[in-house]
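A.B. asks:
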Amino acid sequence: MSGNPALIMRLVASAYSVAEKAGAIVRKVLHSGELGIVEKTGANDLQTLADRLAQKSICASLSRRFPKITIIGEEDLPFEEVQEDMIEKGQAEEILQKTCPEEYRAIKEEELVVWVDPLDGTKEYTEASRCLHLQAVVQKPHKGLDKTHGTALWLLDNVTVLIGIAYGGRAIAGVINQPFYNYQLGAEAALGRTMWGMLGLGAFGFQLQEVPADRRIVTTTRSHSNKTVTDCVNAMEPHEVIRVGGAGNKIIQLIEGKASAYVFASPGCKKWDTCAPEAILHAVGGKLTDMFGNPYGYNADVKHMNSAGVLATLRNHDYYVSRVPQSVLQALKSE
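My numbering puts the first residue of the sequence shown at 44, with every later residue one more than the last.
1. Which residue comes first and which comes last in the alpha helix (DSSP H) that contains R148?
2. Please name the residue in P320, R95 and A67 whose C-alpha comes closest to that of G328.
3. With a CB to CB cut of under 7 Å and the five nearest residues on each side skipped, what residues in its chain are close to Q369?
4. Round the Cβ separation of F307 and T264 to the nearest angstrom and send it over; I've been treating them as touching at under 8 Å.
5. Between K293 and Y305, how many whole angstroms is the CB-CB distance? I'm expecting something under 8 Å.
6. Between the alpha carbons of V214 and R70, how many angstroms are there, rounded?
7. Just to confirm the assignment, what range does the alpha helix (DSSP H) spanning M426 have?
8. Just how far apart, CA to CA, sit V125 and I114?
9. How is the beta strand (DSSP E) around T332 delimited, first residue to last?
10. For the beta strand (DSSP E) that L161 lies in, which residues bound it at each end?
11. Can you give me the Cβ contacts of A232 inside the same chain, cut-off strictly under 6 Å, excluding the 5 residues immediately before and after it?
12. Three-state secondary structure (DSSP) at M241?
13. Got a sec? Which residues, its chain only, sit under 7 Å from H282 by beta carbon, not counting five neighbours each side?
14. Of the residues F223, L54, E77 and L139, which one's Cα is nearest the Cα of R108?
15. What span of residues does the beta strand (DSSP E) with L78 cover, start to end?
16. Could you spell out where the beta strand (DSSP E) holding Q221 opens and where it closes?
17. Please look up how many angstroms separate the CB atoms of Y210 and A93, rounded, as I've assumed it's under 8 Å.
18. CA-CA distance, L354 and A302?
19. Does DSSP put E299 in a helix, a strand or coil?
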């Protein structure tokens, strides 16, 4: 560790280690087969034991080291003491070694808001668990992956842990952990990866790639579509549409060159879904706004719902904003 790292660098370094621990919790619960699923508002809005344990670990770990920050988590959980083995005390050394951008060096704890989604892509997580359970029960001999097993593992790619950090209402840093990354390498592979980014520093933990300029590939919701969403996606005149779960996963599609735009012209996405991914996307020159092209704020007192939809791109954001139909904008205004 060089000198005394600025507060924001220490917080991001902690968030990195905390996200990795949360990812391990998510894997452990899946492998146990006991997901403890409850419906929050319906069948497409689920909470699992992994959501609950991961959030408790994240919030307790960060608040112990940084007691004055505001932490807002997706899950509405009662306060209770967290066991010591759920606390992550580590900090990523590679982040502590980075030079903090000048504009963030004097930030105080009480000026920061941390938005936490302990398990983004819960629906895909539960579907994957059911597929894998079926695989185990049937015990089909197979070479490599059969259709059921392959589908289950693809769904797990949708799952992420998101920790976003906001200052002055702006998403300035974020950490995304993908707990099941590398599953294609087989049973002996070390699962999971963690990427992070910060405005003024860049983003790390992945290889930035872009879709060819002559291609428009849109990624959108897998399980929360409606006519407004479909109309907006079609208006982009995409060459291809990718339907996947999880806001974090959709931003990964953008920064790894698999999609040109993330289009979701509907309420449903929340601030904890977009804070961390937005910070990483912005750190590499991308942009995330509502469907009108306006930025979202991440102050502690804002409403949690991104009620005017989400439009995110790595490049050419204005083009995609210009393609949003007036009928879609009118529908979102009435929400």
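Ideal Cβ positions, reconstructed from N, Cα and C, are used throughout, including at glycine. The model shown is predicted, which means the values in this text are computed figures rather than measured ones.
C.D. replies: The relevant details are as follows:
1. Neither: R148 is in no alpha helix (DSSP H) and is coded neither H nor E.
2. P320
3. none
4. 6 Å
5. 4 Å
6. First, the amino acid is wrong: residue 214 is Ala here, not Val. Their Cα atoms are separated by approximately 28 Å.
7. The structure shown does not extend to residue 426, since the chain is modelled only from 44 through 378, so no value can be given for it.
8. 16 Å
9. K330 to T332
10. The amino acid at residue 161 is misidentified as Leu; the sequence shows Pro. From DSSP, the beta strand (DSSP E) with P161 extends over L155 to D163.
11. N225
12. strand
13. R258, R259 and I260
14. L54
15. Run containing L78: none; DSSP gives neither H nor E here.
16. R213 to Q221
17. Rounded, the Cβ-Cβ distance is 29 Å, inconsistent with contact.
18. 12 Å
19. strand
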